[in-house]
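In the UniProt record's numbering, the protein residues as written are 1 to 254.
Ideal Cβ placement from N, Cα and C applies to all residues, glycine included.
The structure displayed is predicted, hence computed values, not measured ones.
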């Protein structure tokens, strides 16, 4: 995997921990590439994936040293990449986005357990998950615009979908922090808990998912994801065909 990502398996539950606590889990491109590989190669019997961060924060986002000449030793030099032309950068960013989008696209239910700072790329990684639980110390923020940039790691679609265009624009333009209570109130998080209870609450949620029949959970994720872009008629068709498939499978087992 990656020296800064720890993966633990407990039966059908996989826990992925960003492990760079001395830098508040600031991320570099090789971590995004590793996340993309992990999500793409997820074993079929993994039903829940928890993404979390070690230390004081979920992730402070992009390691800002990447934006300086020379960048981070051992990582792709973004300044050098930029000098190669716009299309080269488009392709490069596209490969990084896969480390985020894969968590919405994979069959497993993905849960972000978020505490401390989740800024920029960290916020977008949390947004990539199906569900988010936040600790009461959480600070969610998009700071890209203050750097002359925009969020580009697959986070703008889920942000607008969850909170609406106007609030998403305000959050990105101001770069302000969204705390736990606001995150729950506006739909960015399902639940807020005291920091000391975050791991337990996350495990309780994972266990609740795992208590359901696997086929129903898989079909439900597909069905609700399709609802984001379907017409009412298309979604009704998806509902009845999905239900018929599950009922037929039940009949075959009897």
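Residue environment, residue i, which counts as buried when at least 16 other CB atoms sit within 10 Å
i           : result
residue 212 : exposed
residue 43  : exposed
residue 8   : exposed
residue 163 : buried
residue 237 : exposed
residue 83  : exposed
residue 110 : buried
residue 255 : Outside the displayed span of the chain (1 to 254) sits residue 255, for which this structure offers no information.
residue 71  : buried
Extent of the continuous beta strand (DSSP E) to which residue i belongs
i           : result
residue 131 : 131-135
residue 192 : 191-193
Opposing strand residues paired with residue i [DSSP bridges]
i           : result
residue 117 : 139
residue 59  : 118
residue 109 : 48
residue 217 : Residue 217 pairs with nothing; no bridge assigned.
residue 79  : DSSP lists no partner for residue 79.
residue 16  : 7 and 51
residue 24  : The partner list for residue 24 (beta bridge, DSSP) is empty, contrary to what the question assumes.
residue 178 : 140
Expected contact under 8 Å - CB spacing of residue i and residue j to nearest Å
i           : j           : result
residue 35  : residue 99  : 4 Å
residue 52  : residue 210 : At roughly 17 Å, the Cβ-Cβ gap does not stay under 8 Å, so residue 52 and residue 210 are not in contact.
residue 135 : residue 180 : 7 Å
residue 143 : residue 119 : 6 Å
residue 58  : residue 2   : Actually they are not in contact, since the Cβ atoms of residue 58 and residue 2 sit about 17 Å apart, beyond 8 Å.
Opening and closing residue of the alpha helix (DSSP H) in which residue i lies
i           : result
residue 39  : 29-40
residue 156 : 156-163
Runs of beta strand (DSSP E) lying entirely within the stretch 204-248, each at least 3 residues, in chain order
Qualifying beta strand (DSSP E) stretches: none in this window.
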